[in-house]
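Below is one structure, written out as structure tokens; the observations come after it.
In structure tokens form, the structure reads like this:
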């Protein structure tokens, strides 16, 4: 799965719709085309892998309730191999489903039945965030930031360990790490992290930030039982303890 974006000023956005319902795939492709987006369809995991192996997509719309391999497993697979944004479609509105979806790396979710214009708005919001719309000027130049054995390239949006291995980050994980790096040795409360790391225009809740921090700790190999890089300050928030160098 390739990671670079194909969107340009003249080319349509390339989307992949993964849903076992042929009617939904066709309906979404037709509707999204009126907004300058080209959508391919895949009925399940195998078709999704084949499509992503042969083409670069700007965003994946992924149904949660797929037969065989479910959407959560496929979302986790995408996130392990790329930073392609993912919007999950779900017929369930329970908090637990939203939490798990965010935990495995989804950037947003839409509950069925949904308004088409809402989906289009969420696509634009996710893509705007993934392209750096929430970044602050201090990091916009795209230099490399170092902390301990780690490096974060803000242009390529890549986290690299001490052995030069790239560790894939979701868009939310990248923004959260960047927020921590820009405020080292400072206690950051959940409200600030929600606003800076996930954006004000996404429906979020406190527990989603805790899960996002947990996911980021895993990527940084920070022992959750005794974390060193990202410490929990009980009743206040989190603090990033590493010294940061440009």
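Residue numbers (this note's numbering): 312 to 557. Every residue gets a Cβ at the ideal spot worked out from N, C-alpha and C, and that includes glycine. None of these values were measured; they are calculated from a predicted model.
1. Could you tell me which residues DSSP puts in a beta bridge with residue 372?
2. Measuring alpha carbon to alpha carbon, tell me which of 538, 554 and 353 ends up nearest residue 496.
3. Using 8 Å as the cut-off, can you tell me whether the region 452-464 makes contact with the region 424-438, which would need three or more C-beta pairs spanning the two stretches below that distance?
4. Please report the distance separating the alpha-carbon of residue 493 from that of residue 550.
5. Helix, strand or coil for residue 367? Go by DSSP, reduced to three states.
6. Count the other C-beta atoms from every protein chain shown that fall within 10 angstroms of the C-beta of residue 557, then say buried if there are 16 or more, exposed otherwise.
7. Considering only DSSP beta bridges, list what residue 348 is partnered with.
8. Are the beta-carbon atoms of residue 394 and residue 479 separated by less than 8 Å?
9. Could you tell me the distance, in whole angstroms, from the CA atom of residue 328 to the CA atom of residue 372?
10. Would you list the residues sitting across from residue 464 in a DSSP beta bridge?
11. Taking C-alpha atoms, which residue in 529, 548, 334 and 379 lies nearest to residue 356?
12. If you check the beta carbons only, do residue 482 and residue 418 fall under 8 Å apart?
13. Name the two residues that bound the continuous beta strand (DSSP E) containing residue 551.
14. Identify whether residue 476 lies in helix, strand or coil by the three-state DSSP scheme.
Answer, in terms of the structure:
1. Working through the chain shown from its first residue, we reach residue 372 at position 61. The partner list for residue 372 (beta bridge, DSSP) reads 328 and 398.
2. What you label residue 496 is simply residue 185 of the chain shown in a count that begins at 1. If we check each option's Cα against that of residue 496, 554 comes out closest.
3. no
4. Numbered from its first residue, the chain shown carries residue 493 at position 182. Numbered from its first residue, the chain shown carries residue 550 at position 239. Approximately 11 Å between the Cα atoms of the pair.
5. By 1-based counting over the chain shown, the position of residue 367 is 56. Residue state, collapsed to three classes: coil.
6. Position 246 of the chain shown holds residue 557. When all chains shown are included, residue 557 counts as exposed.
7. By one-based count along the chain shown, residue 348 stands at place 37. Residue 348 is bridged to 324.
8. Along the chain shown, one-based indexing puts residue 394 at 83. Along the chain shown, one-based indexing puts residue 479 at 168. Contact: yes.
9. Here residue 328 refers to the residue found at position 17 of the chain shown. Here residue 372 refers to the residue found at position 61 of the chain shown. Spanning the two alpha carbons is a distance of roughly 5 Å.
10. By 1-based counting over the chain shown, the position of residue 464 is 153. Paired residue(s): 455 and 469.
11. Here residue 356 refers to the residue found at position 45 when the chain shown is read from its first residue. That would be 379, whose Cα lies nearest to the Cα of residue 356.
12. By 1-based counting over the chain shown, the position of residue 482 is 171. By 1-based counting over the chain shown, the position of residue 418 is 107. It is a contact, given that the beta carbons lie within the stated cut-off.
13. Within the chain shown, numbered from 1, the residue matching residue 551 stands at position 240. Counting along the chain, the beta strand (DSSP E) containing residue 551 begins and ends at 548-551.
14. To locate residue 476, count along the chain shown from 1; it is residue 165. Residue state, collapsed to three classes: coil.
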